[in-house]
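Just below is one structure, and these are the notes that go with it.
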Amino acid sequence: NDTLGHDAGDHILAEVARLIREQVRKTDMVCRWGGEEFLALLPET
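In this text, residue positions in the sequence shown follow my numbering: the first is 75, and each later residue adds one.
Here it is, written out as structure tokens:
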């Protein structure tokens, strides 16, 4: 964000979220937790 700005940072976070969603099962839940952290709930593990 400091170098490229908040718009670029938001775009990167959205892309990371998309990549994570592609890798988890439909029963799993992934959400953004804080600024740059993600939380993954994997109920059937």
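Note that beta-carbon positions come from the ideal geometry of N, C-alpha and C, so glycine has one too.
State the DSSP-derived secondary structure class of residue i, mapped to helix, strand or coil.
i: ARG99; result: coil
i: LEU78; result: coil
Could you tell me which residues DSSP puts in a beta bridge with residue i?
i: ALA120; result: Since the displayed the chain opens at 75 and closes at 119, residue 120 lies outside it and no answer follows.
For residue i versus residue j, is the C-beta spacing smaller than 8 angstroms?
i: VAL104; j: ALA88; result: no
i: PHE112; j: ILE86; result: no
Out of curiosity, what's the CA-to-CA distance linking residue i and residue j?
i: GLU118; j: GLY109; result: 27 angstroms
i: ALA82; j: ASN75; result: 7 angstroms
i: VAL98; j: THR77; result: 31 angstroms
Any beta-carbon of chain C closer than 8 angstroms to the one on residue i?
i: GLU110; result: The chain inventory of the structure shown lacks chain C, comprising one protein chain alone.
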